[in-house]
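J.:
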Amino acid sequence: MASELVIEASGLERSFGDVHAVRGVDLSVRAGEIYGFLGPNGAGKSTVVKMLITLLAPSGGSARVLGHDIVAEADRIRLRIGTALQDASLDEKQSGREILRTQGELYGLTKPEIETRIGELSALIEVDAIDRWIGTYSGGMRRRLDLAASLMHNPDMLFLDEPTTGLDPTSRTKVWDEVRALNEQFGTTIFLTTQYLEEADELADRVGIISAGKIVAEGTPDDLKRSIGADVITVRTDDPEAAASALGALDVVDKVERGPRALLVSVTDGAAAVAPVAVALDAAGVQVAELTLRTPTLDDVFLEMTGERIEVKE
Ligand SMILES: Nc1ncnc2c1ncn2[C@@H]1O[C@H](COP(=O)(O)OP(=O)(O)O)[C@@H](O)[C@H]1O
Ligand SMILES: [Mg+2]
183 MASELVIEAS GLERSFGDVH AVRGVDLSVR AGEIYGFLGP NGAGKSTVVK
233 MLITLLAPSG GSARVLGHDI VAEADRIRLR IGTALQDASL DEKQSGREIL
283 RTQGELYGLT KPEIETRIGE LSALIEVDAI DRWIGTYSGG MRRRLDLAAS
333 LMHNPDMLFL DEPTTGLDPT SRTKVWDEVR ALNEQFGTTI FLTTQYLEEA
383 DELADRVGII SAGKIVAEGT PDDLKRSIGA DVITVRTDDP EAAASALGAL
433 DVVDKVERGP RALLVSVTDG AAAVAPVAVA LDAAGVQVAE LTLRTPTLDD
483 VFLEMTGERI EVKE
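Going by our numbering, 208 is the number at position 26 of the sequence shown; the sequence numbering is gapless.
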């Protein structure tokens, strides 16, 4: 059971006119895992999700979800998955309870089943909020209602498309807790897309990084970070120009990059490189406001694979 594959995609492609949005995606997701699909805006995440949940037909390649073909057996898949999509629009004039009832009816649950299920899921929504209009809900409450709706029919797996985009940090953490709890308590497999590195890092057992319609790296967060074999020294200074040229000349430095707030200096062995870096900056007469050593982040992995950073625009 442990290695049962619930998603198997092979060479999945999708074009919209001239736009080749998804360019040959292979995926293997195991039962019970949280798979994080990480990439910047426009990378193709939602398009992949929509093909897997059978809302969009592929232009090429194939995929099976829970053992069923996404084209030939779409109905079989839909009954067993839950989806909370990025562009889900909730009717402002309905209450949380009405949304959940409608969802239950859609999946053919009986009235008593619906009420029982709402009771079980009510922890996701503040009890006194469930009968209020959605119009009064905060962004975080809407996401959690959407999550509850996706769970009404007890799905075997869940697709969450950017579940926390635009949420404040507190609401984001709440959604993370819910996702983790679902996975731990019921063993629900979760496929979630995100443009947040910390989200993938925190939640996902395995991460696939997607850029321009292709998966450029895949593995556990730790493996991915280790794979680039580098530490990063960040240097904050008023004179990044002089600092960059002083450091670029050092043997221990692999690469120097200008970040928005600091220089990012890639080195193979962080502990051994800090001293020579500090000495070189001092010798060049560069005033340093801050110098820190850190292990790589998933953003460093993304940079390594694509030459760009994931920029999140709120
Ligand atoms: N219905 C559509 N019609 C035309 N282009 C689309 C459509 N859906 C997505 N695209 C394009 O496909 C690319 C991938 O989009 P999307 O899958 O939404 O990316 P992501 O979810 O990673 O932000 C983008 O260039 C986007 O503009
Ligand atoms: Mg999207």
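Cβ atoms here follow ideal geometry from the backbone N, Cα and C, with glycine treated the same way.
For GLN377, count neighbouring Cβ atoms within 10 angstroms of its own Cβ and tell me buried if that reaches 16, exposed if not.
T.: GLN377 is buried by the Cβ-count criterion.
J.: If you draw a straight line from the alpha carbon of LYS396 to that of GLU297, how long is it in whole angstroms?
T.: Answer to the nearest angstrom: the Cα atoms are 43 Å apart.
J.: Considering only residues of the same chain and omitting the five flanking positions on each side of ILE392, which have a CB-CB separation below 8 Å?
T.: Counting only Cβ-Cβ distances below 8 Å, and skipping sequence neighbours, we find VAL207, PHE219, LEU220, GLY221, ALA225, GLY226, LYS227, VAL230 and VAL398.
J.: Less than 7 Å between the CB of ALA305 and some heavy atom of ligand 1, yes or no?
T.: No, the Cβ of ALA305 stays beyond 7 Å of every heavy atom of ligand 1.
J.: If you drop the 5 nearest sequence neighbours on each side, which residues of the same chain put their C-beta closer than 8 Å to that of THR355?
T.: Nothing meets the Cβ criterion.
J.: Is VAL357 helix, strand or coil by DSSP?
T.: In the structure shown, VAL357 sits in a helix (DSSP, three-state: H, G or I).
J.: Under the rule that 16 or more other beta-carbon atoms within 10 Å means buried, what is SER498, buried or exposed?
T.: What the structure shows of the chain is the stretch from 183 to 496, and residue 498 is not part of that stretch, so it cannot be assessed.
J.: Nearest CA to the CA of GLN268: which residue from GLY452, SER332 and ASP413?
T.: For the residues GLY452, SER332 and ASP413, the minimum Cα distance to GLN268 belongs to SER332.
J.: Which residues in the same chain as ALA444 place their Cβ atom closer than 7 Å to its Cβ, once the five residues preceding and following it in sequence are excluded?
T.: For ALA444, where only same-chain residues beyond five positions count, the Cβ hits under 7 Å are THR416, VAL417 and ARG418.
J.: For the beta strand (DSSP E) containing ALA245, list its first residue and its last residue.
T.: Per DSSP, ALA245 belongs to the beta strand (DSSP E) from 242-247.
J.: Hey, is ALA266 close to ligand 1, as in C-beta under 7 Å from one of its heavy atoms?
T.: Incorrect: ALA266 has no Cβ contact closer than 7 Å to ligand 1.
J.: Looking at VAL211: is its Cβ nearer than 8 Å to the Cβ of LEU187?
T.: Yes, Cβ-Cβ distance for VAL211 and LEU187 is below 8 Å.
J.: Just to confirm, are ARG129 and GLU195 a CB contact at a threshold of 8 Å?
T.: With the chain running from 183 to 496 in the structure shown, residue 129 is simply not present.
J.: Opposite SER393 in the DSSP bridges: which residues?
T.: Looking at the DSSP assignment, SER393 forms a beta bridge with LYS396.
J.: I need the DSSP call for ALA184, collapsed to helix, strand or coil.
T.: At ALA184 the pLDDT is 48, less than 50, meaning the model places this residue with poor confidence; the figure from the coordinates comes in the next sentence. Coil.
J.: From LEU234 to VAL247, what distance separates their C-alpha atoms?
T.: When rounded, the distance between both Cα atoms is 7 Å.
J.: Measure from the alpha carbon of ARG408 to the alpha carbon of each residue in LEU261, GLY301, GLY467 and ASP481, then state which is nearest.
T.: Minimum Cα distance to ARG408 is reached at ASP481.
J.: For TRP358, which residues from the same chain have a beta carbon less than 8 Å from its beta carbon, with the 5 sequence-adjacent residues on both sides left out?
T.: Taken in chain order, the residues that qualify are THR346, GLU381, GLU384 and LEU385.
J.: Would the C-beta of VAL207 count as close to ligand 3, meaning under 7 Å from any of its heavy atoms?
T.: In terms of ligand content, the structure shown lacks ligand 3 and carries ligand 1 and ligand 2 instead.
J.: Could you name the residues, in chain order, whose CB is less than 5 Å away from a heavy atom belonging to ligand 1?
T.: Taking each Cβ in turn, the ones that pass are PHE198, VAL201, ALA203, ASN223, GLY224, ALA225, GLY226, LYS227, SER228 and THR229.
J.: Where in the stretch 290-356 do unbroken runs of the alpha helix (DSSP H), each at least 4 residues long, occur, reported from the N-terminal end onward?
T.: Entirely contained in the stretch 290-356, the alpha helix (DSSP H) runs reaching 4 residues are, in chain order, 293-303 and 321-333.
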